[in-house]
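Line by line, the protein sequences are chains A and B. Counting from 1, one number per residue, gives the positions in the first sequence under the numbering used here. Counting from 1, one number per residue, gives the positions in the second sequence under the numbering used here. No residue lacks a Cβ here, since even glycine has one placed at the ideal position from N, Cα and C. Predicted, not measured: the structure shown is a model, and the values here were computed from it. Okay, so here's the structure we're looking at.
There are 2 protein chains.
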Amino acid sequence: MRLPTVEDVARTARVSRQTVSNVINTPARVKPATLLRVQAAIRELDYRPNQSARRLRQQKSATIGIRLDPQLNGISGAVLDRFLHSLTEQATERGLRVLLFTAATPTEEIDQIRALRDGADVDAFVLTATFDHDPRPEWLIEQKIPFVTFGRPWGIDDLNDPQHRWVDVDGRRGVYAATLSLLDAGAERVAWIGWPPPTATGDDRRSGWEDAMRERLGLGDAELASLCTEVVDDVAEATNAVANVLAGAVLPDGMVCASDTLALGALIAASTAGRRDIPIIGFDDTPVAAALGISSVEQRLDQVAAGALALLLGPVGDSVVASGALDVAHRLIEPALVLRRPQDLPMFNPSRIDGTAAADKH
Amino acid sequence: MRLPTVEDVARTARVSRQTVSNVINTPARVKPATLLRVQAAIRELDYRPNQSARRLRQQKSATIGIRLDPQLNGISGAVLDRFLHSLTEQATERGLRVLLFTAATPTEEIDQIRALRDGADVDAFVLTATFDHDPRPEWLIEQKIPFVTFGRPWGIDDLNDPQHRWVDVDGRRGVYAATLSLLDAGAERVAWIGWPPPTATGDDRRSGWEDAMRERLGLGDAELASLCTEVVDDVAEATNAVANVLAGAVLPDGMVCASDTLALGALIAASTAGRRDIPIIGFDDTPVAAALGISSVEQRLDQVAAGALALLLGPVGDSVVASGALDVAHRLIEPALVLRRPQDLPMFNPSRIDGTAAADKH
C-alpha cells in the first residue's frame with residue numbers, strides 16, 4: 001500500500017500539481033468547477049495534504065528522517081552513531097521522532113527521501129557525510145523539503161546560501177588549537193600525521209596545523225612538508241609510518257593527528273621507540289581515545305545535534321557555541337581540546353623542553 | 001497535535017474500546033444505533049484504525065520502533081549501535097522502516113510504546129537490553145503488540161514462552177569455544193577475567209569458561225576461583241587487576257575475558273610484564289579489537305538482526321545459525337571465534353608448550 005500523493009490527485013482531477021496545491025492552500029483563488037473536481041479527487045483517493053510544515057512548526061508528532069550508513073569499521077566509525085544518539089535524544093525532548101533509512105548511493109537516498117516525503121511519513125531530513133558536488137541539497141531545495149546537513153557544502157562557492165542550512169564542526173580550528181597548545185608549551189617541531197589528500201575534512205584539519213605553524217614559527221612550504229606524514233586511517237599503517245618518522249633525521253617534539261586511529265598508531269610507535277615523552281593529540285575524542293588516555297579534539301556532537309534541530313525548528317534554549325561569524329542558517333561548532341596524558345599538557349612541558357624528560361624514555 | 005486513538009473514539013461515542021474494535025473489524029455484529037454513533041465519532045475525530053497488523057503482514061510501509069539508549073562510553077558500548085545498523089539495513093531491504101525513540105526508564109519506554117502504537121505510527125517493536133524481571137514483555141503481550149527482544153528474558157522460568165519472541169547470542173557457548181581453543185592447544189591454566197557478579201550476560205559468559213575447565217581438566221570450585229579475576233569494565237582497572245594476576249603465584253597460560261575492554265587491559269598488563277606470549281581472547285569483536293589485533297568472540301549482530309526480523313515477519317531467505325534446540329519463537333545465535341594474534345592460534349601453541357616461546361618475552 002502506498003499513500004496517495006499530490007501527483008495522484010493532479011492526475012485523477014486532470015489538473016497540474018500547482019492547482020492541487022492552490023485548492024489546498026488558497027481555495028478562493030481556484031475556479032469553482034476546478035475546485036469541485038479536485039476536492040472530489042482528494043476524497044476519492046483519501047488524499048491527506050502533507051502536514052509536514054504544520055507539524056514541524058508545532059514541533060509535535062513531526063518526524064525527522066536520517067540515513068544510517070552501513071557499519072563503518074575502525075575507531076572513528078562511531079562518530080555518526082554518537083551524533084545519532086544526541087540527535088534522537090534531543091529530538092525526543094522536543095516531541096519529534098527520528099526515522100531511519102538506508103541508501104547505497106546519493107541517487108538512492110534522493111529516491112528514499114522522495115518516497116518518505118510523498119508518504120507524508122517524514123517532515124524534515126538531516127543529511128550527513130556531505131561531499132564535493134553533493135547533488136542532495138540542490139534537489140531538496142528545489143523540492144522545498146526542509147533539511148539541514150551535518151557537514152558544509154564542500155566544493156561550492158556559496159557557503160552562506162540561506163536555503164542550505166548546515167551545521168559543521170570547525171576541524172581547522174580544533175587542530176589549530178591543538179597545535180597552538182603544543183607550541184605554547186615550547187614545542188618547535190610539531191608534526192602533522194594526516195590522510196593523503198584530497199579529503200575535504202582531512203585537508204580542513206591539516207590547514208589548522210599549517211596556519212598555527214606558519215603564524216607562530218614562520219615556516220614555509222618546504223619546512224611544513226618535512227613535518228607532514230600522510231597515511232591511510234589504519235592503526236598498523238600509522239604505526240609503521242610514525243616509526244619511520246621517529247627513525248628519521250628530524251625528530252618531532254609533538255604530533256597532531258587527523259584522527260584517533262592515527263594517534264593510536266603514533267602512540268604505539270612512540271612507545272616502541274622509547275619516546276613516550278612526545279606529546280600526541282588525536283581527533284574525534286572517540287571512546288578508544290578515552291579508554292586509552294589519548295588526548296584528542298572533541299567534535300561536541302551534542303552541540304551539532306542541537307544546532308541541526310535549532311536550524312530546522314528554531315532555537316529552544318539554544319546554547320550552541322558557534323566559532324565562526326555565521327548567519328541564522330549555519331552553525332560552525334567550535335571543538336573542544338581534551339588533554340589526557342601529562343606529556344600533552346602545557347604544564348608538563350618545561351621538563352620536556354630542558355631535556356629532563358629523557359628519563360621517561362624507558 | 002496528537003492523532004486520535006481508539007480510546008478517543010470510545011469516549012466520544014460513549015462505548016467501550018472493544019465496541020469500537022467491533023465496529024471496525026466485525027460491523028455486522030454491532031447494533032445499528034451503536035454502529036452509527038461510533039462511525040460518527042470516527043468521522044468527527046478523523047480517526048484511522050490501526051493498520052499495523054495488515055502492514056506487517058504485507059511487509060510494506062510497516063515501521064519498527066526501537067529505543068536508542070544514551071551513548072554508552074567505553075569500548076563495548078557500540079554493540080547496540082552495530083545491531084541497529086544491521087537491523088536498519090535488513091529492515092529497509094524488506095520494505096520496513098525503523099523509528100527511534102528514547103526513554104529513561106522501562107516505564108517511560110512502555111509509555112512511549114503506547115503512544116506510538118496509538119498513533120498508528122509503529123507496527124512492531126524491537127526491545128534491547130532485557131533484564132531480570134523486565135516489565136516490558138509482559139505488558140506488550142497483554143497489549144497484543146508485536147515485539148521481539150534482543151536478549152533472553154533473564155530471571156524467569158519459561159524461556160520458551162511462545163508469546164515472548166526473542167533472539168540472543170549464546171555467550172556461554174562463545175566463551176566455551178574460546179576456552180576449548182586454548183585448552184586444545186595445550187593450555188592448562190586458562191584464567192577468566194570477568195565482571196563482578198551478578199550480571200546476566202557476564203555470568204552466562206563465565207559459565208562457558210567454567211564448563212570447559214570442568215569438563216576438560218576436572219577442576220573444582222576452589223581451583224576455578226583461583227583462576228578467576230573480577231573487575232569492572234574499564235581498561236585501567238583491568239590493566240591493574242591483570243598486572244596483579246601476572247605478579248601472583250599461579251601464572252595463567254591463557255586468558256579469556258568477558259569483554260574487549262578487559263582483554264585490552266589484559267594485553268597492556270601482559271605487554272608491560274613482558275608476557276606477550278600469553279594468549280588472550282576478548283568478547284564482542286569490537287572495532288577496537290580489530291584495530292589492535294586482539295582475538296575476540298564475535299556476536300554476529302547481522303544474524304541477530306536477521307533473526308529478529310524473521311521472528312517478527314517470518315523467514316525470508318532465513319539463514320540464521322541457531323546453536324540451541326529452539327522453537328519458532330526463539331533464536332540463540334552461535335557466536336564466532338575470531339583469532340588474530342599468532343599466540344592465540346592453536347598452531348602457534350606447540351612452541352609455547354615446549355617453552356621456546358620464552359624467546360617472545362622481550
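*Between the C-alpha atoms of V148 of chain A and L99 of chain A, what's the straight-line distance to the nearest angstrom?*
If you number the first sequence from 1, residue 148 of chain A lands on position 148. If you number the first sequence from 1, residue 99 of chain A lands on position 99. Answer to the nearest angstrom: the Cα atoms are 15 Å apart.
*Beta bridge counterpart(s) of W166 of chain A as assigned by DSSP*: Locating residue 166 of chain A in the first sequence gives position 166, counting from the first residue. Beta-bridge annotation (DSSP): W166 of chain A is paired with A:T149 and A:H330.
_Please tell me whether R97 of chain A has its Cβ less than 8 Å away from any Cβ of chain B._
Sequence index remark: in the first sequence, residue 97 of chain A carries index 97 (1-based). Yes - at least one Cβ of chain B is within 8 Å of the one on R97 of chain A.
*Where V9 of chain B and V122 of chain B are concerned, what is the direct C-alpha to C-alpha distance, given to the nearest angstrom?*
Your numbering for residue 9 of chain B matches position 9 in the second sequence. Your numbering for residue 122 of chain B matches position 122 in the second sequence. Spanning the two alpha carbons is a distance of roughly 20 Å.
*Whole-angstrom distance between T5 of chain B and V15 of chain B, CA atom to CA atom*: As a working note, residue 15 of chain B is residue 15 in the second sequence. As a working note, residue 5 of chain B is residue 5 in the second sequence. Taking the Cα positions, V15 of chain B is about 14 Å away from T5 of chain B.
*Of the residues A:E108, A:Q303, A:R341 and A:D118, which one's Cα is nearest the Cα of A254 of chain A?*
Translated into the one-based positions of the first sequence, residue 254 of chain A becomes position 254. It should be noted that the sequence gives Gly, not Ala, for residue 254 of chain A. The residue among A:E108, A:Q303, A:R341 and A:D118 with its C-alpha nearest the C-alpha of G254 of chain A is A:R341.
*R29 of chain B in three-state terms, based on DSSP*: Residue 29 of chain B sits at position 29 when you count from the first residue of the second sequence. Looking at R29 of chain B - three-state DSSP - the assignment turns out to be helix.
*List the residues of chain B whose Cβ lies closer than 7 Å to the Cβ of D221 of chain A, in chain order.*
Taking the first residue of the first sequence as position 1, residue 221 of chain A is located at position 221. Per Cβ cutoff of 7 Å: no residues; D221 of chain A is ~33 Å from chain B at best.
*Figure out for me which residue from B:L35, B:Q90 and B:T201 has the closest Cα to the Cα of L377 of chain B.*
Given that chain B is displayed from residue 1 to residue 362, the structure contains no residue 377 of chain B and the question cannot be resolved.
*How would you label K361 of chain A, buried or exposed, when you count the other beta carbons within 10 angstroms and need 16 or more for buried?*
Here the question's residue 361 of chain A lines up with position 361 in the first sequence. Since pLDDT at K361 of chain A reaches only 37, below the 50 mark, its modelled position is unreliable, and no value is offered.
*When you compare each of A:T229, A:D203 and A:W192 to D132 of chain A by their alpha carbons, which one comes out closest?*
Translated into positions along the first sequence, residue 132 of chain A becomes position 132. Between D132 of chain A and the set A:T229, A:D203 and A:W192, the nearest pair of CA atoms involves A:D203.
_Let me check understanding here. Comparing Cα to Cα, which of B:F125, B:R189, B:I110 and B:E237 lies closest to T88 of chain B?_
Counted from its first residue, the second sequence places residue 88 of chain B at position 88. Closest option to T88 of chain B, Cα to Cα, is B:F125.
*In terms of DSSP beta bridges, what is V338 of chain B paired with?*
Position 338 of the second sequence holds residue 338 of chain B. The partner list for V338 of chain B (beta bridge, DSSP) reads B:S296.
*Residues that L128 of chain B contacts on chain A, provided the C-beta gap is smaller than 8 Å*: In the second sequence, residue 128 of chain B corresponds to position 128, counting from 1. Looking at the sequence itself, residue 128 of chain B is Thr, so the reference to Leu does not match. For T128 of chain B, there are no neighbours in chain A by C-beta distance under 8 Å, as the nearest C-beta there is about 14 Å away.
_For S295 of chain A and D318 of chain A, the rounded distance between their alpha carbons_ = For the purposes of this step, residue 318 of chain A is taken as residue 318 along the first sequence, with counting starting at 1. For the purposes of this step, residue 295 of chain A is taken as residue 295 along the first sequence, with counting starting at 1. Only weak support exists for where D318 of chain A lies, its pLDDT of 38 falling under 50; the value from the coordinates is given anyway. Their backbone Cα atoms lie some 28 Å apart in a straight line.
_Chain-order list of residues whose beta-carbon lies under 6 Å from that of L345 of chain B (same chain, five-residue window excluded)_ = For this step, residue 345 of chain B is matched to residue 345 along the second sequence. In the same chain as L345 of chain B, and ignoring 5 residues on each side of it, the C-beta atoms closer than 6 Å to its own belong to L339, in chain order.
*With a Cβ-Cβ cutoff of 8 Å, do T179 of chain B and G220 of chain B count as a contact?*
For the purposes of this step, residue 179 of chain B is taken as the residue at position 179 of the second sequence. For the purposes of this step, residue 220 of chain B is taken as the residue at position 220 of the second sequence. Going by beta carbons, T179 of chain B and G220 of chain B fall outside the 8 Å limit.
*Hey, could you find the ends of the alpha helix (DSSP H) R216 of chain A is sitting in?*
On the first sequence, residue 216 of chain A is found 216 positions in, with the first residue counted as 1. Counting along the chain, the unbroken alpha helix (DSSP H) around R216 of chain A starts and ends at A200 to L217.
_Counting only C-beta atoms, is I75 of chain B closer than 8 Å to chain A at any point?_
Taking the first residue of the second sequence as position 1, residue 75 of chain B is located at position 75. Yes - at least one Cβ of chain A is within 8 Å of the one on I75 of chain B.
*Min CB distance A78 of chain B to chain A below 8 Å*: Taking the first residue of the second sequence as 1, we reach residue 78 of chain B at position 78. Answer yes: the Cβ-Cβ gap between A78 of chain B and chain A drops below 8 Å somewhere.
*Does F283 of chain A have its Cβ less than 8 Å from a Cβ in chain B?*
Taking the first sequence and counting its residues from 1, one reaches residue 283 of chain A at position 283. For F283 of chain A, the answer is no, since every Cβ of chain B falls outside 8 Å of its Cβ.
*Going by Cα to Cα distance, which pick from A:Q303, A:D158 and A:A243 is closest to G274 of chain A?*
The residue given as residue 274 of chain A occupies position 274 in the first sequence. The residue from A:Q303, A:D158 and A:A243 with its alpha-carbon nearest to that of G274 of chain A is A:A243.
*asked:* Please tell me whether V167 of chain A and I193 of chain A are closer than 8 Å, where the distance is taken between their beta carbons.
replied: Position 167 of the first sequence, counted from the start, is the residue given in the question as residue 167 of chain A. Position 193 of the first sequence, counted from the start, is the residue given in the question as residue 193 of chain A. For the pair V167 of chain A and I193 of chain A, the CB atoms are not nearer than the 8 Å cut-off.
*Is the number of C-beta pairs between the segment 265-282 of chain A and the segment 181-193 of chain A that are closer than 8 Å three or more?*
Counting C-beta pairs with one atom in each stretch, the segment 265-282 of chain A and the segment 181-193 of chain A have three or more that are closer than 8 Å, which means they touch.
_Cβ neighbour criterion (16 or more within 10 Å) applied to Q143 of chain A_ = Working through the first sequence from its first residue, we reach residue 143 of chain A at position 143. Around the beta-carbon of Q143 of chain A, fewer than 16 other beta-carbon atoms lie within 10 Å, marking it exposed.
*Give the secondary structure of V242 of chain A by DSSP, where H, G and I count as helix, E and B as strand, and everything else as coil.*
As a position in the first sequence, residue 242 of chain A is number 242, starting the count at 1. The answer is helix: DSSP assigns V242 of chain A an H, G or I state.
*Determine which residues of the segment 148-166 of chain A have a Cβ less than 8 Å from any Cβ of chain B, and write them out in chain order.*
Taking 8 Å as the Cβ-Cβ cut-off against chain B, none of the residues of the segment 148-166 of chain A qualify.
*What separation, rounded to the nearest whole angstrom, lies between the Cα atoms of L332 of chain B and L227 of chain A?*
Stepping through the second sequence from its first residue, residue 332 of chain B is reached at position 332. Stepping through the first sequence from its first residue, residue 227 of chain A is reached at position 227. Their backbone Cα atoms lie some 53 Å apart in a straight line.
*asked:* Determine whether the beta carbon atoms of G151 of chain B and P335 of chain B lie at a separation below 8 Å.
replied: Walking along the second sequence from the start, residue 151 of chain B turns up at place 151. Walking along the second sequence from the start, residue 335 of chain B turns up at place 335. Cβ atoms of G151 of chain B and P335 of chain B: not closer than 8 Å.
_Identity of the residues DSSP links to W192 of chain B by a beta bridge_ = For this step, residue 192 of chain B is matched to residue 192 along the second sequence. Looking at the DSSP output, W192 of chain B bridges to B:C228 and B:V256.
*asked:* So for L96 of chain A, helix, strand or coil by DSSP?
replied: For this step, residue 96 of chain A is matched to residue 96 along the first sequence. Coil.
*For chain B, is any of its Cβ atoms less than 8 Å away from the one on D81 of chain A?*
The residue labelled residue 81 of chain A in the question sits at position 81 within the first sequence. D81 of chain A belongs to the set of residues whose beta carbon lies under 8 Å from a beta carbon in chain B.
*Per-residue DSSP class, three states only, for D318 of chain A*: Position 318 of the first sequence holds residue 318 of chain A. The pLDDT assigned to D318 of chain A is 38, lower than 50, so where the model puts this residue is not dependable; a value taken from the coordinates is nonetheless given after this. The answer is coil: DSSP assigns D318 of chain A none of H, G, I, E or B.
*Enumerate in chain order the residues of its own chain whose CB-to-CB distance from W139 of chain B is below 6 Å, with the five nearest sequence positions on each side excluded.*
Within the second sequence, residue 139 of chain B is the residue found at index 139, counting from 1. Cβ neighbours of W139 of chain B beyond the five flanking positions: I110.
*Can you name, in chain order, every residue of its own chain whose Cβ lies under 6 Å from the Cβ of A13 of chain B, other than the five neighbours on each side?*
Locating residue 13 of chain B in the second sequence gives position 13, where the first residue counts as 1. The answer, listed in chain order, is R37, V38 and A41.
*asked:* I need the straight-line Cα distance from T107 of chain B to E93 of chain A, nearest angstrom please.
replied: Residue numbering aside, residue 107 of chain B sits at position 107 when the second sequence is read from its first letter. Residue numbering aside, residue 93 of chain A sits at position 93 when the first sequence is read from its first letter. Straight-line Cα distance between these residues: approximately 17 Å.
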